[in-house]
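Heads up: the structure comes next, in structure tokens.
Numbering (the numbering used here), first residue to last: 32 to 418.
Rendered as structure tokens:
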């Protein structure tokens, strides 16, 4: 670590973490001056009864609300447009996102359109948003994306079948109410896949070329938390200690990658998600160990530390062998969680070159610790496909 290097770290979001903090939503809405909220969520969250708790708190503080729940995994530009129209018609002056990254990113996009107009595609990239969006409160219901503390929104452009990113500190939630209670009913597959998304964020934030001492510390602790709690949270979902460890790990990983970057795993996973509409966490989980194997020669020291915080006994081992142990530990984790393969989620072998082309065009490719070309991406995709 070079201690003389300059870096920037920012966190525009105030975080409230703990059991039951989601019930403070009414007071937080009042503190932000809100009178009419648009609740952005998805059908699964409504079915779980979580929205009832949110609306009850809003009613107690005389905040009126509308609910927009037309959201699917890999949130679409069309959903952002629909949500913005509902917000305009209802006179919403506050956004409340209750859900995983899809709901939170959709809410960010809605906020951009409410304050800037036009199409969400106008704001693709970093720094296109010029003023603060409609105040946003986020209540994450999955331990996965960390979107409650990032200033990025990933939205699928349905015409291009492409996952685009909108980035600015001005789109970050004002407040994140991070409550392990609301994650305990999450099904095992969703717990596992979103948890692997969080682990990918942490590992890529730690090894990205834009990493800094602050993101390194956050990412390492996130890796430790997630790897030590994900199995228990997946197979015993009502264990609130495990749920708390996962949600805290996801939160911290979001802080880390939001100020560092993601890298080749996300380049590939976003290509898969754009072409096949496969849930992002599952795509990350499938590809993470294969990209780690590719990168191991370029970040052996950091991989050795990853192995250590994951609880792998590396005593007596050299750096190279310890790094291989980290890759093996992540591969074993995906197997223990019974996550699917590329073939099982429907990826066609004939599409691998197109997926590699899309991955190579992703802006985060420059953040990967080892140079990766179209040919390299194709080799990694093929290796993952043959598992």
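Even for Gly, the Cβ is constructed at its ideal location relative to N, Cα and C.
Practice task
Consult DSSP for residue 223 and reduce its assignment to one of helix, strand or coil.
Solution key: helix
Practice task
Could you name the residues that DSSP lists as bridge partners for residue 71?
Solution key: 99 and 128
Practice task
Determine whether the Cβ of residue 122 lies closer than 8 Å to any Cβ atom of chain D.
Solution key: Absence of chain D from the displayed structure is noted, only one protein chain being present.
Handout entry: Beta carbon of residue 111 nearer than 8 Å to that of residue 131
Key = no
Handout entry: Distance between beta carbons of residue 205 and residue 166, contact taken as under 8 Å
Key = 5 Å
Handout entry: Alpha-carbon to alpha-carbon, residue 128 and residue 75
Key = 14 Å
Practice task
Grab the span of the alpha helix (DSSP H) containing residue 120 for me, first residue to last.
Solution key: 108-121
Exercise for the section: Run the CB neighbour count on residue 217, radius 10 Å, all protein chains shown included, and call it buried at 16 or more, exposed below. Expected result: buried
Practice task
Under 6 Å Cβ to Cβ from residue 250, same chain only, skipping five residues before and after it: list those, please.
Solution key: Cβ neighbours of residue 250 beyond the five flanking positions: 233, 236, 237 and 287.
Practice task
Could you pull out every residue in the same chain whose Cβ sits closer than 7 Å to the Cβ of residue 321, ignoring the five residues on either side in sequence?
Solution key: Taken in chain order, the residues that qualify are 411, 414 and 415.
Practice task
Report yes if the CB atom of residue 212 is closer than 8 Å to the CB atom of residue 53, and no otherwise.
Solution key: yes
Practice task
Could you tell me which residues DSSP pairs with residue 281 in its beta bridges?
Solution key: DSSP output for residue 281 lists no bridge partner at all.
Problem - Nearest-angstrom Cβ-Cβ length linking residue 384 and residue 326, presumed shorter than 8 Å - result: The Cβ separation is near 22 Å, so there is no contact.
Practice task
Over the uninterrupted beta strand (DSSP E) stretch that includes residue 45, give me the two end residues.
Solution key: Looking at the DSSP string, the run of the beta strand (DSSP E) that includes residue 45 is 45-48.
Practice task
Return the first residue and the last residue of the beta strand (DSSP E) that residue 196 is part of.
Solution key: For residue 196, the uninterrupted beta strand (DSSP E) run begins and ends at 193-198, by DSSP.
Problem - residue 97 versus residue 122 - alpha carbon distance - result: 10 Å
Exercise for the section: Quick one: give me the first and last residue of the beta strand (DSSP E) that residue 206 is part of. Expected result: 206-209
Exercise for the section: Note down the Cα distance separating residue 332 from residue 353, rounded to an integer number of angstroms. Expected result: Whole-angstrom Cα-Cα distance: 9 Å.
Practice task
Sort 402, 227 and 339 by Cα distance to residue 362 and report the nearest one.
Solution key: 227
Problem - Contact belief for residue 224 with residue 135 at Cβ below 8 Å, rounded distance in angstroms - result: Contact doesn't hold; Cβ gap of about 17 Å is too wide.
Practice task
Tell whether a beta-carbon distance below 8 Å holds between residue 254 and residue 337.
Solution key: yes
Handout entry: For residue 367, the first and last residue of its enclosing alpha helix (DSSP H)
Key = 350-367
Practice task
Select from 347, 349, 147 and 358 the residue whose C-alpha is nearest the C-alpha of residue 341.
Solution key: 358
Problem - Alpha carbon of residue 239 to alpha carbon of residue 329, nearest angstrom - result: 11 Å
Practice task
Please determine if the segment 258-278 and the segment 371-387 are in contact, where contact requires at least 3 C-beta pairs separated by less than 8 Å.
Solution key: Counting Cβ pairs under 8 Å, fewer than three are found: no touch.
Exercise for the section: Using three-state DSSP, classify residue 184 as helix, strand or coil. Expected result: strand
Exercise for the section: Count the other C-beta atoms from every protein chain shown that fall within 10 angstroms of the C-beta of residue 417, then say buried if there are 16 or more, exposed otherwise. Expected result: So residue 417 counts as exposed.
Practice task
Starting from the C-beta of residue 181, find all residues in its chain whose C-beta is less than 6 Å away, skip the five residues before and the five after it, and write them out in chain order.
Solution key: 285 and 289
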